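**Student:** Top to bottom, those sequences are chains A and B. Residue numbering for the first sequence follows numbering that gives the first Met the number 0, starting at 0 and increasing by one per position. Residue numbering for the second sequence follows numbering that gives the first Met the number 0, starting at 0 and increasing by one per position. Backbone N, C-alpha and C define an ideal beta-carbon position, used for all residues, glycine too. Note that the coordinates shown come from a computational prediction; the quantities given were computed from them, not determined experimentally.
Protein chains: 2
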Amino acid sequence: MKLGFLGPKGTFSYQACSEYDKTKDFIEYRTIKEAIYALRNNEVEETIVPIENSLQGGVTETIDALIECDDIYIKKEIILKINHNLIANKQYSFDQIKEVYSHPQALAQCRNYIEKNLKNATINQVSSTALAAKEIKEKDYSACIANKNCVSEYGLTLLDENIQDNNFNQTKFWVLNKKQNEEGNKMSIIFSTKNNPGALYKILGIFYENNINLSKIESRPAKTVLGDYIFLVDIEVNDKIIEVINILQNECKYLKILGKY
Amino acid sequence: MKLGFLGPKGTFSYQACSEYDKTKDFIEYRTIKEAIYALRNNEVEETIVPIENSLQGGVTETIDALIECDDIYIKKEIILKINHNLIANKQYSFDQIKEVYSHPQALAQCRNYIEKNLKNATINQVSSTALAAKEIKEKDYSACIANKNCVSEYGLTLLDENIQDNNFNQTKFWVLNKKQNEEGNKMSIIFSTKNNPGALYKILGIFYENNINLSKIESRPAKTVLGDYIFLVDIEVNDKIIEVINILQNECKYLKILGKY
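(1) At the 7 angstroms Cβ level, is Lys-252/A part of the contact set with chain B, yes or no?
(2) Ignoring anything shorter than 4 residues or poking outside the stretch 131–164 of chain B, list the alpha helix (DSSP H) runs there in chain order.
(3) Which residues in the same chain as Lys-80/A place their Cβ atom closer than 6 angstroms to its Cβ, once the five residues preceding and following it in sequence are excluded?
(4) 7 angstroms is my cut-off, CB to CB: does Ile-62/A come that close to chain B?
(5) At which residue ranges does the stretch 101–136 of chain A contain complete beta strand (DSSP E) runs of 3 or more residues, listed in the order of the chain?
(6) Per DSSP, which residues does Ser-218/A bridge with? Please list them.
(7) Between Leu-322/B and chain A, is any beta-carbon pair separated by less than 7 angstroms?
(8) Residues of the stretch 67–78 of chain B with a CB closer than 9 angstroms to any CB of chain A: list them in chain order, please.
(9) Give the DSSP bridge partners of Phe-190/A, in chain order.
(10) Give me the residue from Ser-92/A, Asp-164/A, Tyr-72/A and Asn-165/A with the minimum Cα distance to Glu-44/A.
(11) Going by other Cβ atoms of all chains shown within 10 Å of its Cβ, with 16 needed for buried, is Gln-55/B buried or exposed?
(12) In the DSSP assignment, find the unbroken alpha helix (DSSP H) run with Glu-42/B in it and report its ends.
(13) Starting from Leu-85/B, follow the beta strand (DSSP E) in both directions and report where the run begins and ends.
(14) Whole angstroms are fine: how far does the CA of Asn-245/A sit from the CA of Gln-179/A?
(15) At 8 angstroms on the CB atoms, spell out the chain A contacts of Gln-55/B, in chain order.
(16) For Thr-46/A, count neighbouring Cβ atoms within 10 angstroms of its own Cβ and tell me buried if that reaches 16, exposed if not.
(17) Distance check for Asn-111/A and Glu-67/B, CA to CA, integer angstroms please.
(18) With H, G and I counted as helix, E and B as strand and the rest as coil, what does DSSP make of Asp-238/A?
(19) Counting only Cβ-Cβ distances shorter than 7 angstroms, please list the residues of the stretch 154–167 of chain B near chain A, keeping chain order.
(20) Just to make sure I have the definition right: I need the residues of chain B whose C-beta is within less than 9 angstroms of the C-beta of Gly-3/A. Which are they?
(21) Should Thr-156/B go down as buried or exposed, given a rule of 16 or more other Cβ atoms within 10 Å for buried?
(22) When the cut-off is 7 angstroms and only beta carbons count, does Gly-197/A lie next to chain B?
(23) Secondary structure at Ile-96/A, three-state DSSP: helix, strand or coil?
(24) From the DSSP output, read off the bridge partner residues of Glu-27/B.
(25) Let's test the definition: count the other Cβ atoms within 10 Å of the Cβ of Tyr-260/A and tell me whether it reaches 16, buried, or not, exposed.
(26) Do Ala-107/A and His-83/A have their C-beta atoms closer together than 7 angstroms?
(27) By Cβ distance, which residues of its chain are closer than 7 angstroms to Trp-173/B, with the 5 residues on each side in sequence left out?
(28) What do you get for Ser-126/A, buried or exposed, if any count of 16 or more other CB atoms within 10 angstroms of its CB means buried?
(29) Check whether the stretch 176–193 of chain A touches the stretch 137–156 of chain A, counting contact only when three or more Cβ pairs, one atom from each stretch, lie closer than 8 angstroms.
(30) Buried or exposed: where does Asp-233/B fall if 16 or more other Cβ atoms within 10 Å of its Cβ makes it buried?
(31) Do you know how far the Cα of Pro-196/A is from the Cα of Glu-250/A?
(32) So is Asn-40/B in contact with chain A if we call contact Cβ pairs under 7 angstroms?
(33) Quick one: does Gln-124/B have its CB under 7 angstroms from some CB of chain A?
(34) Contact between the stretch 5–22 of chain A and the stretch 118–135 of chain A: three or more CB pairs below 8 angstroms?
(35) Go to Gln-14/A, then tell me how far its alpha helix (DSSP H) extends in each direction, as first and last residue.
(36) I want to verify the contact list: residues of chain A whose CB lies under 8 angstroms from the CB of Ile-216/B, in sequence order.
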């Protein structure tokens, strides 16, 4: 069975694949969007994508691709503790490093560390932490920020470990598939509100009055004008859920159910 | 009078400075955080920073720096229509371009265009669109995504214009200073909720019951554990506002008033 992920080997998504199910056939994709579209187009049966980091918030590329694709549901969530490491092709001092490569989220998670220690370095964004490791293999005076397993995977040198600005650094991944789960205590929903005063308040009221707890709420711009939003919420399911979804279908301008898990 | 902005010349922040007040002495900073800290440390009297884009949502670096710094208030908001352009040091075809440089938000705003047209290019993040233009000046087969005024500012060639994925592309900037404005119909507030069911619902209820309309709500992770959030809201001020703020002071775990404008 094929499982898509944001490659190459050595990414945090790859680590999430290993923790999820080592027996599956892992298929690499260059971007999160491509990994989700591969599921939509039946190239893989499941795909693993990061959805939220405790420091940076929602992974916008994942949320946007989920809005674009229908009939994709959550099967399971996997939470990883994220430790970032400074890695190069040989030993260097901070002052010698002229370039730093990593994924934008990893760069953001080490922003203070970079500002303090790597003052001489230009910052280069690449599409995954492991690609950054591949990139600096042949580049002297360059470093990457990546998962420690890239040191052995690509034959590199560890310069510094646990360099993230904040130790409450966790990333939540979703295993996605095309079948809506009927079991599970949690459910995720994407919705947008009608454009009238108190619209979000009224929708949160529907959950509150039915004793449905929100464990997460996140806003994304609706990509129309400033001030229009799409909300992603995680809720704790109870026996009123079907009734609540029926009410939401009337109250929301847009509603997508990502299923129970 | 000194006005800080995200430099160098040619950024959208620079354009916002010119539209705000051409008579001020514009002072360049390398990052948004440095521009805000310059105000905190009295190096400048005012600073201009991007706060929200209609496609990408909140500018997390701005929101995080505002949470870190006390006694910084909004003086004015400025909204710019954002047009991105593909620019190089001479004429190239899409296939010839091996590297693309830009600010992460600009790269994200042109994500579909890059995927479709610049298949051979690696993507490099730099700290501003204008820095990207400076970067590619001496680099053959490289392009940047930047404001059109960089073509004349740095003597470059325009390859393609208006390349953003979506034409509802606006960025809102805030002029920040250290004095709390007493006038204005709008107010921005940052708060976090106590950790109990319906906490956000109850806070939105305080606004709703006092006829205070929310024109924006945005969530940011509180940087502690997954599921803890800080909210940034824009409200329309009425004569109940002082009373409402007093109630919020009791109901919120954390509250910061960014002032009227």
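**Tutor:** Let me lay it out:
(1) Counting from one through the first sequence, the residue named residue 252/A turns up at place 253. It does not; no Cβ of chain B falls within 7 angstroms.
(2) 148–153
(3) Mapped onto the first sequence, residue 80/A falls at position 81. Cβ within range, chain order: Gln-169.
(4) Here the question's residue 62/A lines up with position 63 in the first sequence. No, no contact with chain B.
(5) 121–124
(6) Counting from 1 along the first sequence, the entry for residue 218/A is found at position 219. Phe-230/A.
(7) The structure shown does not extend to residue 322/B, since chain B is modelled only from 0 to 260, so the question has no answer here.
(8) Ile-78
(9) Here residue 190/A is taken as the residue at index 191 of the first sequence, counted from 1. Phe-190/A is bridged to Phe-230/A and Leu-254/A.
(10) Here residue 44/A corresponds to residue number 45 of the first sequence, with the count starting at 1. When each option's Cα is compared against that of Glu-44/A, the closest is Tyr-72/A.
(11) Walking along the second sequence from the start, residue 55/B turns up at place 56. With 16 or more Cβ atoms within 10 Å of its Cβ, Gln-55/B is classed as buried.
(12) For the purposes of this step, residue 42/B is taken as residue 43 along the second sequence, with counting starting at 1. Segment: none, Glu-42/B is in no alpha helix (DSSP H) and carries neither H nor E.
(13) Your numbering for residue 85/B matches position 86 in the second sequence. Start and end: 84–87.
(14) In the first sequence, counting from the first residue as 1, residue 179/A sits at position 180. In the first sequence, counting from the first residue as 1, residue 245/A sits at position 246. Cα to Cα, the separation comes out at about 17 angstroms.
(15) The sequence position of residue 55/B within the second sequence is 56, counting from 1. Within chain A, the residues near Gln-55/B are Thr-59 and Pro-220.
(16) Residue numbering aside, residue 46/A sits at position 47 when the first sequence is read from its first letter. Counting Cβ neighbours within 10 Å, Thr-46/A comes out buried, since at least 16 surround it.
(17) Counting from 1 along the second sequence, the entry for residue 67/B is found at position 68. Counting from 1 along the first sequence, the entry for residue 111/A is found at position 112. The straight-line gap from Cα to Cα measures roughly 13 angstroms.
(18) For this step, residue 238/A is matched to residue 239 along the first sequence. Three-state DSSP puts Asp-238/A in coil, outside helix and strand.
(19) Asn-165 and Phe-167
(20) Taking the first sequence and counting its residues from 1, the one referred to as residue 3/A is at position 4. Those do not exist, as Gly-3/A stays about 17 angstroms from chain B at its closest Cβ, beyond 9 angstroms.
(21) Locating residue 156/B in the second sequence gives position 157, counting from the first residue. Per the 10 Å Cβ criterion, exposed.
(22) As a working note, residue 197/A is residue 198 in the first sequence. It does; some Cβ of chain B falls within 7 angstroms.
(23) Start at 1 with the first residue of the first sequence, and residue 96/A comes out as number 97. Looking at Ile-96/A - three-state DSSP - the assignment turns out to be coil, as it is neither helix nor strand.
(24) Residue numbering aside, residue 27/B sits at position 28 when the second sequence is read from its first letter. Beta-bridge pairing links Glu-27/B to Phe-4/B.
(25) For the purposes of this step, residue 260/A is taken as the residue at position 261 of the first sequence. Result: buried.
(26) Here residue 107/A is taken as the residue at index 108 of the first sequence, counted from 1. Here residue 83/A is taken as the residue at index 84 of the first sequence, counted from 1. No; because the gap between Cβ atoms is not below 7 angstroms, this pair is not in contact.
(27) Counting from 1 along the second sequence, the entry for residue 173/B is found at position 174. Contacts found: Val-48, Ile-50, Ile-73 and Glu-76.
(28) To locate residue 126/A, count along the first sequence from 1; it is residue 127. So Ser-126/A ends up on the buried side.
(29) no
(30) Here residue 233/B corresponds to residue number 234 of the second sequence, with the count starting at 1. Result: buried.
(31) Taking the first sequence and counting its residues from 1, one reaches residue 250/A at position 251. Taking the first sequence and counting its residues from 1, one reaches residue 196/A at position 197. Those two C-alpha atoms are separated by around 13 angstroms.
(32) Taking the second sequence and counting its residues from 1, the one referred to as residue 40/B is at position 41. Taking Cβ atoms only, chain A never reaches closer than 7 angstroms to Asn-40/B, which makes this a no.
(33) The sequence position of residue 124/B within the second sequence is 125, counting from 1. So, interface residue.
(34) yes
(35) Within the first sequence, numbered from 1, the residue matching residue 14/A stands at position 15. 11–19 is the extent of the alpha helix (DSSP H) around Gln-14/A.
(36) Taking the second sequence and counting its residues from 1, the one referred to as residue 216/B is at position 217. Those within 8 angstroms of Ile-216/B in chain A are Leu-199, Ser-218 and Tyr-228.
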